[in-house]
Amino acid sequence: MTAATNTRMRNASAKKVREFVTPEGVDLQLRIASSGLRLGALIVDLLVITVTLFVFNLLVDWISHATPRDIAFMIWMLGAFVLRTFWFIGFELGSRAATPGKRLMGIRVVARNGGRLTADAVVARNLIRELELFLPLMMLGVGAAEDMVSGWTVLAGVIWSLTLSLFLLFNRDRMRMGDLIAGTWVVMAQRAKLDSDIATADEAGAMQFSDAELSVYGIFELQELERILRGRDPRAMREVADTIRAKIGRPVAEEDDVFLLSYYRQLKARLERGLLFGKRREDKYASE
Amino acid sequence: MSAPELPSFSTGRFRAEREADWIAFDLLLTKLEKRGAKALTSDELLQLPILYRATLSSLSIARATSLDKALLDHLEALSIRGYFLVYGVRETRWSRIRRFVLYDWPAAVRAVWKETLIISLVIILGALTSWSLVAHNPEWYYNFVDESMSGGRDPRATVEFLRSTLGHGKDGGGEESGLHVFATFLFTHNSRVSIMSFALGFAFGVPTMMLEYYQGIGLGAMLAVFSSKGLGLDFGGWLFIHGTTELFAAALSGAAGLRIGAAVVFPGARSRLEAAADAGKTAGKVMVGVILMLLVAGLLEGFGRQLITDTMLRYGIGTVMLLFWLGYYYIPRRGDVA
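In order, the protein sequence lines correspond to chains Z and R. For the first sequence, this note's numbering assigns the number 22 to the initial residue and increments by one for each residue that follows. For the second sequence, this note's numbering assigns the number 1161 to the initial residue and increments by one for each residue that follows.
Here's what the structure looks like:
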């Protein structure tokens, strides 16, 4: 990995962060949810809706023993419409502003201007989903039904409607048409457990590193090291420990976890001291 | 690290001092999310903003001083969760619904009155166009109305057949058994069309106007066929009983779409995105109303029209519905928030 790729990675993740200042003046730095997560959430929701309808159908079947065909037909048609429309609206009006699919993916809907998410915004963004989901299908259906429409016309129609449906791929805020009209964003809202503090612990048996040995790494490497330490995978720890040992020129003398933990604590203390003095060393390529 | 080297401020001590607040805030939020504000005691409610502010201040300090990724992530997630709960919805769903029906819905409909007028004119224009064309030359009919949609109701049909389709004759096409299916089909179909004409509004409102024009065209063509056979009055009743509600809803959905289209084309002092978002909110409210109206129209069409066959009664019900909607929307009321 070079300095350039490192910077590029940091820029890429910074591009997803949006300023979102609370009335207390703290920037919450919301991260825009990726299109993959959005698709995943939609698929989960549609699956759950279908299963719900199916179960409901079975229930009606069971109550009335033999359902006439028209009742089943009605359940599917009306139920699909009502559930599809009000499933999304109902859940997004709740305090978590997320359907079960979105909750599963750890994303939620917020108002773009930082204000409250209003009911009308939720309604608007969800009614437009109808268009985004079904316009391409309708275009195909129309093409199949009418012989006089040539294949090319159908193709043009489908492509046109797909640009609407896939609108979120073409803007950096990952807004659907519905988000655009309703003034909303979908952002990350996953929970992070408060892990134990691995930096404070017993000092006994800790190794000592010199300033020169600690000055080879920056914040990026520190946080990667933290990830490895919290992951507790012995093979990864061995690999990282060997890399660090080679870099600072230490022999393999102690257990990997003792070595890494000591190094992590002292590197963190050193870099945090730098922070207090206004020096933020992003990665090992940055100057001291 | 040996003791003398320790800086007087340490992130370890910072965390030890504040951690209890974060855990308490987390528990409070979980309780709030699971069981709502009613589950909190008044003491906990007073604690909520204090803990929220404490967490936000911790986040600021941690960002400036700590490099512990797990800690930063946790505080960030906790603050975001807290922000949306503290500043989020303060209304119950029930009071939201009440406010929507009493104020927001009619106010939103009133706000798009100009667009409603335009769309109504477009529908009438469509109907007049096809009516005059078909009245002069019945061959035009086949251009306007799809074979499968008309179900034999075309200029070649006999008066008896046409009358039977209006529900006066004995044979209603053998569909008497499936009234509820018919009503369901009509409702979902009409809702889809309305949602489309709303949702297509952002394309400068052009597709919306075209959709509404087509609706008018189909209407006018049918009207011409029936009135040429001397069934104009009966057809009017057949249409009127649900048509006042349905066409009103169609006009409103078009108006909602046109509002968005107009906002995109003429955003005024705001940015185009902002203007679209503002218009979208008003239009969204109108659209919920439209779907409810279409539900009523579907019931009137599926059940009312098939069961009530007296033309005058049909006219009466249609008129009452029209007056009801007009009164509901346009009579100003106290405590209005237009």
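Every residue, glycine too, gets a C-beta built ideally from N, C-alpha and C. In this text the structure is predicted, and so the values were computed from the model without any measurement.
Check whether residue i and residue j have beta carbons under 8 Å apart
i       : j       : result
I53/Z   : R195/Z  : yes
A1237/R : Q50/Z   : no
S1354/R : S1413/R : yes
D278/Z  : R251/Z  : no
S1357/R : E1372/R : yes
G1365/R : G1417/R : yes
T1405/R : A1268/R : no
D304/Z  : E242/Z  : yes
L1322/R : L1391/R : yes
S116/Z  : G1242/R : no
V1480/R : V1272/R : no
L1245/R : L1189/R : yes
V47/Z   : L1219/R : yes
L235/Z  : M258/Z  : no
Y19/Z   : N32/Z   : There is no way to answer for residue 19/Z, as the model of chain Z reaches only from 22 to 309.
G1421/R : A1363/R : yes
Burial state of residue i (16 or more Cβ within 10 Å)
i       : result
A35/Z   : exposed
D13/Z   : An answer regarding residue 13/Z cannot be provided, because it is not within the stretch 22 to 309 covered by chain Z.
Y1490/R : exposed
G299/Z  : exposed
W83/Z   : exposed
S1431/R : exposed
M1453/R : buried
R1258/R : exposed
L325/Z  : No statement about residue 325/Z is possible, as the shown extent of chain Z runs from 22 to 309 and does not include it.
G1376/R : buried
A1493/R : Reading off the sequence, residue 1493/R comes out as Arg, not Ala. So R1493/R counts as exposed.
W334/Z  : Nothing can be reported for residue 334/Z, as the shown portion of chain Z is limited to 22 through 309.
K289/Z  : buried
G57/Z   : exposed
I180/Z  : exposed
L1393/R : exposed
G1464/R : buried
P157/Z  : buried
S1280/R : buried
R150/Z  : buried
N147/Z  : buried
R59/Z   : buried
Proximal residues to residue i (C-beta, below 7 Å), its chain only, five neighbours per side dropped
i       : result
K123/Z  : A62 and R129
T1277/R : The question names Thr, but residue 1277/R is Leu in the sequence shown. Closer than 7 Å at the Cβ level, and outside the excluded window around L1277/R, lies no residue.
T1289/R : I1377 and G1380
T43/Z   : L49
V144/Z  : I110
A227/Z  : S283
Own chain, CB closer than 6 Å to residue i, minus 5 neighbours either side, in chain order
i       : result
R39/Z   : L51
L1483/R : none
M169/Z  : Reliability of the predicted coordinates at M169/Z is poor, the pLDDT of 47 falling under 50, and the value obtained from them is presented with this limitation in mind. No residues qualify anywhere along the chain.
G1286/R : Y1373, G1376 and I1377
A1435/R : A1423 and P1427
E1275/R : A1415, L1418 and R1419
T1348/R : none
Near the ligand HEM: residue i beta-carbon under 7 Å from a heavy atom
i     : result
R59/Z : The ligand HEM is not part of the structure shown, which contains no ligands of any sort.
Contact set for residue i: own chain, Cβ-Cβ below 8 Å, skip 5 residues either direction
i       : result
L154/Z  : S186
I70/Z   : A101, L104, R105 and W108
Y285/Z  : I219, A220, L243, L246, E247 and L250
I1284/R : G1376
R301/Z  : I240 and G295
Contact the segment 1192 to 1212 of chain R vs the segment 1224 to 1231 of chain R: 3+ CB pairs below 8 Å: no
Contacting positions in the segment 250 to 261 of chain Z - beta carbon closer than 9 Å to chain R: R251
Cβ-based contacts, 8 Å cut-off: residues of the segment 1399 to 1431 of chain R near chain Z: I1420
The segment 1462 to 1479 of chain R contacting the segment 1389 to 1404 of chain R, beta-carbon criterion three pairs below 8 Å: yes
Against chain Z: residues of the segment 1265 to 1286 of chain R by CB proximity under 7 Å: none
The segment 1215 to 1225 of chain R in contact with the segment 1181 to 1194 of chain R per 3-pair CB rule at 8 Å: yes
Near-chain R residues of the segment 273 to 302 of chain Z (beta-carbon distance less than 8 Å), N- to C-terminal order: R286, Q287, K289, A290, L292, E293, R294, L296 and L297
Positions along the segment 1181 to 1197 of chain R whose CB lies within less than 7 Å of some CB in chain Z: W1182 and E1193
Near-chain Z residues of the segment 1359 to 1376 of chain R - C-beta to any C-beta below 9 Å: A1359, L1360, G1361, F1362 and A1363
Near-chain Z residues of the segment 1440 to 1453 of chain R (beta-carbon distance less than 8 Å), N- to C-terminal order: G1440, K1441, T1442, A1443, G1444, K1445, M1447, V1448 and I1451
The segment 27 to 49 of chain Z: positions lying closer than 7 Å to chain R by Cβ: T43, E45, V47 and L49
The segment 1382 to 1389 of chain R touching the segment 134 to 142 of chain Z, judged by at least three CB pairs closer than 8 Å: no
Chain R contacts from the segment 203 to 234 of chain Z (Cβ-Cβ distance under 9 Å): A203, G204, T205, V208, M209, A210, Q211, R212, A213, K214, L215, D216, S217, D218, I219, A220, T221, E224, A227 and Q229
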